[in-house]
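Okay, so here's the structure we're looking at.
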Amino acid sequence: MKAKMMRFGLLMMVVGLFLSVPMACNDDDDDLVVIVTPDIVEIAVGNSDFSTLVAALQKADLVGALQGNGPFTVFAPTNSAFNALFNDLGISGLDDLTAEQLTPILLYHVLGNEVRAADVKTGYVNTLSSDSPDGDPLSLYLNTDNSVRLNKDAMVTTADILASNGVIHVIDKVLLPQHVVDIAIADPNFSILVAAVVKADLANTLSGEGPFTIFAPTNAAFEALFMKLGISGIDDLTAEDLVPILTAHVLSGNIRAEDVSSGTVATLNPEKSLDIMVDGSGVTIDGNTKVIATDVQGTNGVIHVIDKVLGIPDDGQDDIVDIALGNGDFSSLVAALKKANLVDALKGEGPFTVFAPTNAAFESLFSSLGITGLDDLSAEQLTPILLYHVLGAEVKAADVQTGYANTLSTDSPGSDPLSLYLNTDNGVRLNKDIMVTSTDIMASNGVIHVIDKVLLPPHVVDIAIADPNFSILVAAVVKADLAGTLSGDGPFTIFAPTNAAFEALFQDLGISGLDDLTAEDLIPILTYHVLSGNVRAADVATGSVPTLNEGNSLDISVSGSSVTINSSTNVIATDVQGTNGVIHAIDKVLLP
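By this note's numbering, the letter at position 238 of the sequence shown is numbered 496, and the numbering carries on one by one without gaps.
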């Protein structure tokens, strides 16, 4: 094949050189250079590996059409591709096929626009073949996941042979116009639907003359159904279960998108009709199923893609997992929940608030971690991360307040809930850098808010960095070169002075700020605020406790819910929990 293409390339170079030779004119001052680019048919005629294709075009009387202005894209089968077709059909060659048989096949290889290799995208394109119930263009599936494949099995072997009226891509098989079952088989997004049709013994029926209109659920739609039913997959359903479900997705007739209207329509399931609503937002079926792609045309009917499986009794509002499954932008989140075995937990009664990262957020995380994806993270690593996105209460957008909230992640020294900082000063931000981009997606067991980054469980330094009330403390820790120490395993208990507490200290010392203190000044002060261990508010007791400033202890007094340190410093907030310790906020800077 490569040798033939090389010979063809050399031939075209020779032809091009010949055609570009200046041709003299009678005028003394003018030379006319004529460069002629061959059209699609001329290129095919000049390549012996397309001799069968050329003969087929001649027999079907399509030569003139493909010498038109175009532009066209032709997926050109080689002679060996045609020989494989003849063998599959049990015939000797073109003599056994009529012009009427060849025409729809050949036109199925042609697009009515120029699509070069760099512009090919995964999805459906319309061909010039109109061998459909109402003469609509047949659809061809292009898949770019692994080189370029057409309808699953045909591969582009050479691309971008440019002609004056379009482009040729060489393929290794002859494409045959497809009925609706073939279309579903060719598209990996319908693999579960195909398995269901086969198990229900409906493939022959739907491969018949029809015509049919099929509302085809994607794999994600079926996965959501399995989750709702509490089953692992198709293996847990019988043919008797599947037949009424699948036939509820099929209408009689070839009804394209422009002909769909609001109303009730009968399906091939005599006990199930579909309630269709057409409005400015698109097409909705039975109140909660969206049509997400339309007019995938086959020889015996048309397919419209939907995001849920029809014919299943609706038990009310979807839960959090159902909603995530139904939204393609949460596919990475769903996959992570499955890997961490947290699906059942988030299908529980709740209520929950889930800050849901998008696929783009996960991709950004993978990039920052230097990994390729979820396969590089274990369930044990994912669990605390995912639970850090969940609160054990329903908090709608209107109820969000600046401050700390407890998450369901307990990746802390004492298995206490990790704290999440919410800031409402400018929109809603989580832990300083993460933005809530969409709010109040209501579920039966809580609410979802969409975020633009994945949250990672923080240690005590991260917590302080995220809270603007501790900005002076953070600057002091950095200046004293203690950030590395306090980001270590710990555990630590930190009595954290607020910015107001530091400002009061600067005033008492008669200085303008941290610039007037050296690292040597700061280290004994800062270490005096740190205890060893993860001591939460419930465990704080009256007495003297040692600090990381050796030889200096804190005198703690507990009276009811009030905690005082060194007789004049008050604890004003407690139990801000990190992965390596806990923070309690105080209103004065402690001096050893």
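Note that beta-carbon positions come from the ideal geometry of N, C-alpha and C, so glycine has one too.
Residue i versus residue j: straight-line alpha-carbon distance, rounded
i, j, result
"Asn401", "Thr380", "4 Å"
"Val383", "Leu398", "5 Å"
"Glu621", "Gly631", "7 Å"
"Ala741", "Pro726", "17 Å"
"Gly650", "Val432", "58 Å"
"Ile844", "Pro755", "5 Å"
"Gly511", "Ile706", "40 Å"
"Ala582", "Phe588", "6 Å"
"Gly748", "Thr827", "24 Å"
"Leu526", "Asn371", "37 Å"
"Tyr646", "Ser770", "39 Å"
"Pro280", "Ala421", "Unreliable positioning characterises Pro280 in this predicted model, as indicated by a pLDDT of 38, which lies under 50. A coordinate reading is not provided."
"Ser729", "Phe610", "31 Å"
"Asp285", "Asp377", "Unreliable placement is indicated for Asp285, whose pLDDT of 47 sits below 50; the coordinate value is still reported in the next sentence. If I take the Cα positions, the gap works out to 45 Å."
"Asp813", "Ala831", "18 Å"
"His562", "Val592", "25 Å"
Chain D contact for residue i (CB, 8 Å cutoff)
i, result
"Glu778", "Among the chains in the structure shown there is no chain D, since it carries only a single protein chain."
Which of helix, strand or coil DSSP assigns to residue i
i, result
"Ser465", "coil"
"Ser673", "coil"
"Gly328", "coil"
"Val303", "helix"
"Met264", "In this prediction, Met264 scores a pLDDT of 36, lower than 50, which makes its location untrustworthy; the coordinate-derived value is nonetheless stated afterwards. Residue state, collapsed to three classes: helix."
"Ala799", "coil"
"Lys548", "strand"
"Ala282", "With a pLDDT of 38 at Ala282, under the threshold of 50, the modelled position of that residue is not reliable, and the figure given next carries that caveat. If DSSP states are grouped into helix, strand and coil, Ala282 belongs with the strands."
"Asn223", "The first residue shown for the chain is 259 and the last is 850, placing residue 223 beyond what the model contains."
"Asn681", "strand"
"Pro782", "helix"
"Gly606", "coil"
"Leu500", "helix"
"Ser531", "strand"
"Thr805", "coil"
"Val732", "helix"
"Ala515", "helix"
"Ile570", "coil"
Span of the beta strand (DSSP E), counted from its first residue to its last, around residue i
i, result
"Ser696", "692 to 701"
"Leu772", "Premise fails: Leu772 is in no beta strand (DSSP E) and is neither H nor E."
"Gln359", "Careful: Gln359 lies outside any beta strand (DSSP E), inside the alpha helix (DSSP H) at 357 to 365."
"Val312", "Premise fails: Val312 lies in the alpha helix (DSSP H), 309 to 317, not in any beta strand (DSSP E)."
"Gln835", "827 to 836"
"Phe753", "750 to 755"
"Ile629", "Per DSSP, Ile629 belongs to no beta strand (DSSP E) and is neither H nor E."
Endpoints, the alpha helix (DSSP H) within which residue i is located
i, result
"Gly742", "741 to 744"
"Ile643", "637 to 645"
"Ser350", "Where Ser350 is concerned, there is no enclosing alpha helix (DSSP H), given that its DSSP letter is neither H nor E."
"Asp720", "718 to 724"
Cβ shell of residue i (< 7 Å), same chain only, five flanking positions each side left out
i, result
"Ile692", "Ile709, Asp710, Lys711, Leu713"
"Ala738", "Ala777, Leu780, Ile781, Leu784"
Neighbourhood of residue i by C-beta, 6 Å cutoff - its chain only, sequence neighbours within 5 removed
i, result
"Gly836", "Pro716, His717, Val718, Ile721"
"Leu436", "Here residue 436 turns out to be Gln, not Leu, going by the sequence shown. Gly556, listed in sequence order."
"Ile564", "Phe473, Pro475, Thr547, Val549"
"Ala913", "The shown model of the chain, from 259 to 850, leaves out residue 913, and the question about it has no answer."
"Ala458", "Ala497, Leu500, Val501, Leu504"
"Gln325", "Asp297, Val299"
"Pro804", "Ser811"
"Val428", "Ala334, Thr415, Thr416"
"Met535", "Ser520, Thr542"
"Leu315", "Val321"
"His842", "Phe753, Val829, Thr832"
Cβ-based neighbour list, residue i, same chain, cut-off 8 Å, excluding 5 preceding and 5 following
i, result
"Arg687", "Leu680, Asn681, Met693, Val694"
"Ala482", "Lys566, Val567, Asp580, Leu583, Gly584"
*Which runs of the alpha helix (DSSP H) fall wholly inside the region 437 to 495 and span at least 4 residues, in chain order?*
Complete alpha helix (DSSP H) runs here, min 4: 438 to 444, 449 to 457, 461 to 464, 477 to 487.
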